[in-house]
Every structure is written in C-alpha cells, then in structure tokens.
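Notes follow once the structure below has been shown.
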Amino acid sequence: EDKVVQSPLSLVVHEGDTVTLNCSYEVTNFRSLLWYKQEKKAPTFLFMLTSSGIEKKSGRLSSILDKKELFSILNITATQTGDSAIYLCAGTPEYGNKLVFGAGTILRVKS
Amino acid sequence: GAVVSQHPSWVICKSGTSVKIECRSLDFQATTMFWYRQFPKQSLMLMATSNEGSKATYEQGVEKDKFLINHASLTLSTLTVTSAHPEDSSFYICSASYRESGEKLFFGSGTQLSVL
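Residue numbers (the numbering used here), protein chains in the order written: chain A, 1 to 111; chain B, 112 to 227.
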C-alpha cells in the first residue's frame, strides 16, 4: 500500500527561525513528489520534484528530493507569521495522477 | 490561470437530506477531477477520481451510493452526499488537472459540511 509519512506532525517556531519539514514515501512506481501549503482552505502548490538532488527554490522556500533514500525535505528560512500553515507532501505513482498525501505538518510561526 | 471554484463554501443541513457540492474549472478543461475529504488536523483522503463522461472510480471504503459523483462536462464535477448523517460532517475539497498539467493538481476552496 502506498504511503507518505511527514514529520514532525506539528512545529512551533519564532519569526526568523529556519525550519525543515520532512517527507518520506513509499509509492509504487514513484514518479514525483509535490509539496502544498494549506492555510485555511485550498492547498496551494509549492513544488514538484521529480529528479534526485536538484534543489528547487522559491524565495525563502526550497525543497529537494532523494530518490535513493525515498524522502524529501522542505526548508523555510527566515520564517514569517504568514508561513503558518499546514504543509502537505504527496507522492504520485507512475501511472495516472492520483496523489497520495501525507498527514501534513502544522507549522506555527510566532511573532 | 488554472482556477478551480467550489461551491458552496459551507453548508448546514438536517440529517437525512442530500447535499450537492459543485466543482468548476474556470479557465481550463479538467480531464480529471478528484474529490477529497479532510477531517480537522488530518490530511486529505482521496474519495474518488472523476473522469469526464465516465463513471467515477471510488477508493476502497467509500460508498458510491452514498457519495454520488457526476462529471458531466470538462469544467464541472458534482459530489452529492445522499441521506447525510452527522458522521458525514467534514471538509470536502475537489481538485482538477488538465492534460498538460500532469500530476500537478489545482484545488478548489473546499466545502465545510455540517450535518445536524
């Protein structure tokens, strides 16, 4: 059975801190891993990773995939209160685009 | 681009009634739409995959007669919760993709259903 495990489940940091969110996966015929940010309602897309070792960056956020060890990390530097959200990672199998989501990491950034 | 609209954003209904939730892709043709359910502080659980013009594929444990899905056009999918009960209270969210978007999904804003 395909599964995606995220850690930690929740995290509280202060503004300016750097955080690392973890995601490990076991997905049949794995094709890609996606990160989403969910604030109140709709998850918004952050990154899609398909190749090992290639870091993707968007402002203060970055992510990398390790296909050998079957995990990905999402880094957020100089955190802001607006980064408070649930961060979801999801794996996709080779065929179709059905995402298998992890339970999410609840991040709270205190001012 | 790639905007998905979901309606209503919240609904309260009496036990035994049916509720319809709409999911529309506003600026693209959605070849596939997905319906998820999310309990508080938990992740998104896929309920069913909906392809335009064909029957939805339900995940194990999801009752297809309870959760009716219709994907009549490339821009609209509906989820009807039939004979709703309090245990059906949850956050329901749809997502859609188009051929070129691959596995990247675009999410609607979700519907909070409360069954009294």
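Just so you know, even glycine gets a beta-carbon here, dropped at the ideal spot from N, CA and C. Because the structure is a prediction, the values reported are computed rather than measured.
So which of the options has the shortest CA-CA distance to residue i?
| i | options | result |
| --- | --- | --- |
| Phe217 of chain B | B:Glu174, B:Gly127, B:His118, B:Ala141 | B:Ala141 |
| Phe178 of chain B | B:Gln153, B:Ala167, B:Leu185 | B:Ala167 |
| Tyr36 of chain A | A:Asn75, A:Pro93, A:Val109, A:Ser111 | A:Asn75 |
| Ser116 of chain B | B:Val122, B:Gly127, B:Cys134, B:Ser129 | B:Cys134 |
| Glu94 of chain A | A:Gln6, A:Ser32, A:Ser7, A:Val5 | A:Ser32 |
| Leu65 of chain A | A:Gly82, A:Gln38, A:Tyr25, A:Gln80 | A:Tyr25 |
| Glu214 of chain B | A:Thr20, A:Phe45, A:Glu1 | A:Phe45 |
| Glu1 of chain A | A:Thr50, A:Phe30, A:Ser58 | A:Phe30 |
| Arg108 of chain A | A:Gln80, A:Lys68, A:Arg60, A:Val12 | A:Val12 |
| Gly127 of chain B | B:Met156, B:Asp199, B:Phe139 | B:Asp199 |
| His196 of chain B | B:His118, B:Tyr169, B:Val130, B:Ala113 | B:Val130 |
Could you tell me which residues DSSP puts in a beta bridge with residue i?
| i | result |
| --- | --- |
| Ala159 of chain B | B:Trp146, B:Tyr169 |
| Glu133 of chain B | B:His118, B:Thr189 |
| Phe14 of chain A | The amino acid occupying residue 14 of chain A in the given sequence is His; Phe does not appear at that position. Beta-bridge pairing links His14 of chain A to A:Lys110. |
| Pro93 of chain A | A:Phe30 |
What does the alpha-carbon distance come out to for the pair residue i and residue j?
| i | j | result |
| --- | --- | --- |
| Met158 of chain B | Lys56 of chain A | 30 angstroms |
| Tyr72 of chain A | Gln153 of chain B | According to the sequence as given, residue 72 of chain A is Ser; it is not Tyr. Their Cα atoms are separated by approximately 20 angstroms. |
| Pro151 of chain B | Ser201 of chain B | 8 angstroms |
| Thr28 of chain A | Ser165 of chain B | 25 angstroms |
| Thr222 of chain B | Asn162 of chain B | 21 angstroms |
| Val19 of chain A | Ala85 of chain A | 13 angstroms |
| Ser194 of chain B | Ser225 of chain B | 13 angstroms |
| Asp176 of chain B | Val192 of chain B | 9 angstroms |
| Ile54 of chain A | Ser212 of chain B | 20 angstroms |
State the CB to CB distance for the pair residue i and residue j, rounded to an integer number of angstroms; the pair is presumed to be in contact (CB under 8 angstroms).
| i | j | result |
| --- | --- | --- |
| Tyr203 of chain B | Ile132 of chain B | 6 angstroms |
| Trp146 of chain B | Leu190 of chain B | 5 angstroms |
| Gly102 of chain A | Val5 of chain A | 6 angstroms |
| Ser188 of chain B | Met144 of chain B | 4 angstroms |
Query raised in the report: Between the stretch 156-169 of chain B and chain A, which residues of the former have a C-beta closer than 7 angstroms to a C-beta of the latter?
Result: From the stretch 156-169 of chain B, only Leu157, Thr160 have a Cβ closer than 7 angstroms to chain A.
Report task. May I ask you to list, following chain order, the residues of the stretch 19-46 of chain A that have a beta carbon less than 9 angstroms from some beta carbon of chain B? Result -> When C-beta distances to chain B are compared with 9 angstroms, the residues of the stretch 19-46 of chain A below that value are Arg31, Ser32, Leu34, Tyr36, Gln38, Lys40, Lys41, Ala42, Pro43, Thr44, Phe45, in chain order.
Report task. Could you name the residues of the stretch 208-221 of chain B whose beta carbon sits closer than 9 angstroms to any beta carbon of chain A, in the order they occur along the chain? Result -> Answer set for the stretch 208-221 of chain B: Ser208, Ser212, Gly213, Glu214, Lys215, Leu216, Phe217, Phe218, Gly219, Ser220, Gly221.
Query raised in the report: Which of the residues in the stretch 79-92 of chain A, read from start to end, lie with their CB under 9 angstroms from any CB of chain B?
Result: Contacts with chain B (Cβ-Cβ distance below 9 angstroms) from the stretch 79-92 of chain A involve Ile86, Leu88, Ala90, Thr92, listed in chain order.
Requested in this report: Return the residues of the stretch 53-67 of chain A that lie within a Cβ-Cβ distance of less than 8 angstroms from chain B, sorted by chain order.
Outcome: So nothing in the stretch comes that close.
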